[in-house]
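Asker: According to UniProt numbering, the residues represented by the sequence shown are 1 to 293, in order.
Glycine included, C-beta positions come from ideal geometry on N, C-alpha and C.
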Amino acid sequence: MMDRRHLEVFVAVALAGTFTRAAVDLHLVQSAVSATVAALESDLNERLFDRSTRRVRLTAAGHALLPKAMAILDAFRDARETVDAVGGGLSGTLRIGYMTNVTLFDVPRLLGRFHADHLGVTMHLAPAPTGTAGLAEGLRAGDLDLAFLSAKPEDYPDLSVAMLASSPMGLVVPAGHPLADRTRMRLADTVSERFVDYRTGFGTRTLVDGEFRRRGLWRNIQIETSDVNDATALVRNGLGVGFLPRYSVEGDSGLHWIDIEDAALEAVVSVATYRGRKPSAAASRLAALATVS
1 MMDRRHLEVF VAVALAGTFT RAAVDLHLVQ SAVSATVAAL ESDLNERLFD
51 RSTRRVRLTA AGHALLPKAM AILDAFRDAR ETVDAVGGGL SGTLRIGYMT
101 NVTLFDVPRL LGRFHADHLG VTMHLAPAPT GTAGLAEGLR AGDLDLAFLS
151 AKPEDYPDLS VAMLASSPMG LVVPAGHPLA DRTRMRLADT VSERFVDYRT
201 GFGTRTLVDG EFRRRGLWRN IQIETSDVND ATALVRNGLG VGFLPRYSVE
251 GDSGLHWIDI EDAALEAVVS VATYRGRKPS AAASRLAALA TVS
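1) Using only the alpha-carbon positions, how far apart do F114 and S270 sit?
2) Tell whether a beta-carbon distance below 9 Å holds between L159 and L187.
3) Excluding the five sequence neighbours on either side, which residues of its own chain have a C-beta within less than 7 Å of the C-beta of L110, listed in chain order?
4) Grouping DSSP H, G and I as helix and E and B as strand, with all else coil, what is G170?
5) Is the beta carbon of L94 closer than 9 Å to that of A128?
6) Express the C-alpha separation of S42 and T200 in angstroms, rounding to a whole number.
7) Would the stretch 200-212 and the stretch 248-267 be scored as touching if the rule is three or more Cβ pairs under 8 Å?
8) How would you call residue 294, buried or exposed, if buried means at least 16 neighbouring beta carbons within 10 angstroms?
9) Determine the contact status of residue 295 and T225, defining contact as a CB-CB distance below 9 Å.
10) If the criterion is Cβ atoms closer than 9 Å, does the pair F14 and L66 meet it?
11) Does the distance between the C-beta of T82 and the nearest non-hydrogen atom of the ligand NAD fall short of 8 Å?
12) Which stretch, first to last residue, makes up the alpha helix (DSSP H) that contains L207?
13) CA-CA distance, R51 and A22?
14) For P174 versus L255, is the C-beta spacing smaller than 9 Å?
15) Note down, in chain order, each residue of its chain lying with its Cβ closer than 7 Å to the Cβ of D25, except the 5 sequence neighbours on either side.
16) Whole-angstrom Cβ separation of V161 and A283, contact assumed at under 8 Å?
17) Taking the straight line between their C-alpha atoms, what separation do you get for V37 and D143?
18) Whose C-beta lies closer than 8 Å to the C-beta of R246 among residues of the same chain, with five residues either side of it excluded?
19) Is R236 near T190, with beta carbons less than 9 Å apart?
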């Protein structure tokens with residue numbers, strides 16, 4: 001007989017694309033996941049997945065079931081949250097994606113405030129090795145309930161995005177660099193430099209790449225990194241110049257910040273959830289707290 005657990009496992013496999021990944025996400029052995037899906041298929045008398053490729057694919061029946069299954073699981077969650085609200089508290093698990101070493105917005109402080117008021121909520125933190133693009137995909141896939149990322153609302157129409165903080169970006173060069181006596185310059189004047197930048201998929205990398213592309217310009221990216229601290233250290237030690245947010249270099253005598261006068265470059269931190277899925281009460285509460293912090 002089909003029950004909630006069958007649907008939870010089915011949805012996990014559908015979103016993960018493999019039984020192995022779904023088993024990890026569910027903290028189950030793969031044989032248990034396979035057996036649960038097989039039992040559901042037997043009960044429905046329909047195959048839900050095509051297993052002929054390395055990644056399982058939904059059959060027509062699976063595609064039809066997925067939105068209904070997700071709606072049922074959301075209804076179960078809403079029922080639990082309604083009862084919890086009567087008792088005055090929130091419960092459950094909140095999966096949060098974030099960018100490491102980004103101090104423009106104090107995420108740990110926010111989480112501390114949230115935890116103090118909602119001890120029944122368990123928080124699982126997931127760093128972003130592939131940047132904002134990876135966090136957005138995690139929200140869409142259901143791997144994350146909420147994410148702190150570098151994007152504006154217009155960047156991801158399928159996400160509900162609220163900006164929390166921003167900082168202007170400019171060209172940062174090491175002290176002693178030939179450009180260290182400049183305070184302003186045009187974007188086109190930077191193309192002869194060798195750059196340190198974040199990996200493709202990171203919000204500020206996407207922003208800067210877009211500005212160069214719109215002008216038909218090309219630049220030489222010498223080193224890529226996924227860490228704000230690494231980027232500033234690499235520039236400071238002469239491995240290249242970089243487009244970095246002003247807050248990350250303030251007070252650093254080894255770095256010089258130059259305003260780009262013809263490009264509106266701005267680093268932002270925002271909180272986001274996926275529009276295609278109703279956020280949990282805990283996710284909604286944390287997002288609301290973030291916007292007033």
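Answerer: Put simply:
1) 17 Å
2) With respect to L187, L159 sits apart: the two C-beta atoms are not nearer than 9 Å.
3) L289, A290 and S293
4) strand
5) no
6) The straight-line gap separating the alpha-carbon atoms of T200 and S42 is approximately 44 Å.
7) yes
8) It is not possible to answer for residue 294, since the shown part of the chain is limited to 1 through 293.
9) Residue 295 falls outside the range modelled here, since the chain spans only 1 to 293, and no answer is possible.
10) Checking the sequence shown, residue 14 turns out to be Ala, not Phe. Cβ atoms of A14 and L66: closer than 9 Å.
11) Of ligands this structure carries none, so the ligand NAD is not represented either.
12) Segment G203 to R214, the alpha helix (DSSP H) holding L207.
13) 14 Å
14) yes
15) A12 and A16
16) In this structure, V161 and A283 do not form a Cβ contact; the two beta carbons are roughly 14 Å apart against a cut-off of 8 Å.
17) Annotation: V37 to D143 spans about 20 Å, alpha carbon to alpha carbon.
18) S167, P168, M169, G170 and W257
19) no
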